[in-house]
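A short write-up of the structure that comes next.
Structure (structure tokens):
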């Protein structure tokens with residue numbers, strides 16, 4: 001036996017899912033991780049909505065026509081997909097495969113329902129649930145300029161339902177107002193710890 | 206339902222076991238963690254060997270007579286115990302109970318056999334296995350002044366056997382020559398990640 005065989009393995013790429021209820025700060029957290037320059041592959045979501053001013057195809061979103069999006073859904077090219085306010089959103093499997101092949105850890109931002117789908121397709125995925133207090137979530141929703149009061153009300157009504165799915169996740173990370181960097185540090189610690197697991201999760205999609 | 210009830214829990218104390226083969230640097234790692242001032246409770250091992258110059262009872266070891274040590278063994282007061290070169294070593298349960306009651310995470314340094322015992326008694330313990338290459342382990346043993354050549358030979362002969370128990374552990378952390386601080390950082394990340402687990406490990410002894 002060569003002792004070094006037992007442990008000196010190339011770290012396997014991880015599939016990290018950042019999820020949590022509406023307005024908990026999933027986008028903000030992923031944005032901050034990018035700014036800090038971590039060497040992860042950040043998955044870009046596909047959508048059939050029109051690009052907003054300044055948005056770049058392949059960076060902010062993959063922008064497809066509704067017909068093209070529905071074809072991808074039908075042919076199983078999306079890891080998960082959902083309809084949010086009549087807009088389709090989903091994660092292209094091909095992008096995740098390429099990211100894993102590159103040897104980098106893959107980070108994706110998925111809503112609570114989508115995270116369950118990812119787990120069923122990739123049981124080795126590491127599911128992280130961001131949380132904040134109800135007051136914080138409602139406060140953030142009310143300050144959102146992009147939502148109408150009706151949309152805000154719908155989102156608030158879903159918060160309880162979403163929070164109750166916490167137990168389906170592996171880790172819970174608080175993302176309280178003004179504590180984004182602490183939340184990022186916890187996510188980084190989780191990723192580092194997962195790389196030290198003796199029984200590593202093998203990612204195949 | 207109060208949403209905050211779902212996640213704003215007081216972190217439960219963890220039982221962290223630092224283990225690994227002979228000469229892998231278990232003592233050095235725990236010493237460095239103490240120097241860096243982490244707020245853990247570091248468990249002190251009990252022994253029936255005589256104190257060396259400068260060693261303090263309750264700090265370096267709990268020094269007991271052989272008769273007292275055997276009484277503790279008999280009456281189940283030790284979490285684990287082993288005979289190493291005719292010297293008894295063991296971990297007093299009472300000390301671990303007090304540490305857990307204090308709310309701090311408990312860090313203990315245990316040999317590979319002892320770690321299996323800790324797991325059987327406390328399944329929620331987090332078992333960390335330090336590793337280095339065979340060349341590094343043998344080199345460190347040869348440089349040890351405290352061991353006779355015969356003791357070194359016995360220790361080297363046990364390295365393979367000890368390494369093969371890696372799969373009984375939760376995490377593996379490399380502790381290569383000159384990389385002690387990297388090893389400490391990984392252990393700290395593991396502890397931080399374990400505190401974020403949705404299904405927390407409840408420690409009771």
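Chains as they are written, first to last, in the working numbering: chain A, 1 to 205; chain B, 206 to 410.
Each residue gets a CB set at the ideal place from its N, CA and C atoms; glycine is no exception.
Host alpha helix (DSSP H) of residue i (start-end)
i                      : result
residue 195 of chain A : 180-195
residue 372 of chain B : Note, residue 372 of chain B: premise wrong, no alpha helix (DSSP H); not H, not E.
residue 270 of chain B : Segment: none, residue 270 of chain B is in no alpha helix (DSSP H) and carries neither H nor E.
residue 307 of chain B : First-last for residue 307 of chain B: undefined, no H or E at that position.
residue 281 of chain B : Counting along the chain, residue 281 of chain B falls outside any alpha helix (DSSP H), and DSSP gives it neither H nor E.
residue 144 of chain A : From DSSP, residue 144 of chain A is part of no alpha helix (DSSP H); its letter is neither H nor E.
residue 116 of chain A : 112-121
Sequence-distant residues of the same chain with beta carbon closer than 6 Å to residue i, five excluded per side
i                      : result
residue 256 of chain B : 268
residue 23 of chain A  : 137, 140, 141
residue 400 of chain B : 216
residue 129 of chain A : 19, 20, 166, 169, 172
residue 382 of chain B : 341
Chain A contact residues for residue i, given Cβ-Cβ distances below 7 Å
i                      : result
residue 327 of chain B : Under the 7 Å cutoff, chain A gives no residues; its nearest Cβ is about 18 Å from residue 327 of chain B.
residue 397 of chain B : 186, 189
As assigned by DSSP and simplified to three states, the class of residue i
i                      : result
residue 263 of chain B : coil
residue 47 of chain A  : strand
residue 378 of chain B : strand
residue 295 of chain B : strand
residue 17 of chain A  : strand
residue 457 of chain B : There is no way to answer for residue 457 of chain B, as the model of chain B reaches only from 206 to 410.
residue 206 of chain B : Summary for residue 206 of chain B: the model assigns pLDDT 48, below 50, so the residue's position carries little reliability; its value from the coordinates is reported in the next sentence. The answer is coil: DSSP assigns residue 206 of chain B none of H, G, I, E or B.
residue 217 of chain B : coil
residue 403 of chain B : coil
8 Å Cβ cut-off: residues of chain B touching residue i
i                      : result
residue 167 of chain A : 403, 404
For residue j and residue i, believed in contact at Cβ under 8 Å, the rounded distance
i                      : j                      : result
residue 99 of chain A  : residue 43 of chain A  : 7 Å
residue 398 of chain B : residue 185 of chain A : Wrong, their Cβ atoms sit about 11 Å apart, outside the cutoff.
residue 364 of chain B : residue 339 of chain B : 7 Å
residue 69 of chain A  : residue 86 of chain A  : About 12 Å; that fails the 8 Å criterion.
residue 105 of chain A : residue 40 of chain A  : 5 Å
Within chain A, partners of residue i - CB distance below 9 Å
i                      : result
residue 375 of chain B : 196, 197, 198, 199
The beta strand (DSSP E) enclosing residue i, as first and last residue numbers
i                      : result
residue 129 of chain A : 126-131
residue 241 of chain B : Premise fails: residue 241 of chain B is in no beta strand (DSSP E) and is neither H nor E.
residue 109 of chain A : 106-109
Neighbourhood of residue i by C-beta, 8 Å cutoff - its chain only, sequence neighbours within 5 removed
i                      : result
residue 82 of chain A  : 88, 89, 90, 111, 113, 114
residue 127 of chain A : 17, 19, 115, 118, 119, 168, 169, 170, 171
residue 336 of chain B : 225, 226, 229, 368, 371, 377, 378, 379, 380
residue 58 of chain A  : 44
residue 78 of chain A  : 46, 72, 90, 91, 92, 93
residue 36 of chain A  : 184
residue 30 of chain A  : 18, 42, 107, 109
residue 270 of chain B : 253
residue 357 of chain B : 346, 347, 349
residue 392 of chain B : 221, 223, 234, 238, 333, 378
residue 258 of chain B : none
residue 76 of chain A  : 93
Contacts that residue i makes with chain B (C-beta to C-beta distance below 7 Å)
i                      : result
residue 173 of chain A : 401
Close beta carbons around residue i, own chain, < 7 Å, minus the five adjacent residues each side
i                      : result
residue 200 of chain A : 12
residue 403 of chain B : none
residue 28 of chain A  : 180
residue 285 of chain B : 295, 296, 315, 319, 322, 323
residue 125 of chain A : 15, 17, 118, 119
residue 156 of chain A : 138, 141
residue 55 of chain A  : 61
residue 191 of chain A : 14, 16, 105
residue 308 of chain B : 218
Residue i: CB within 6 Å of a non-hydrogen atom of the ligand MG
i                      : result
residue 345 of chain B : What this structure holds is no ligand at all, so the ligand MG is not there to describe.
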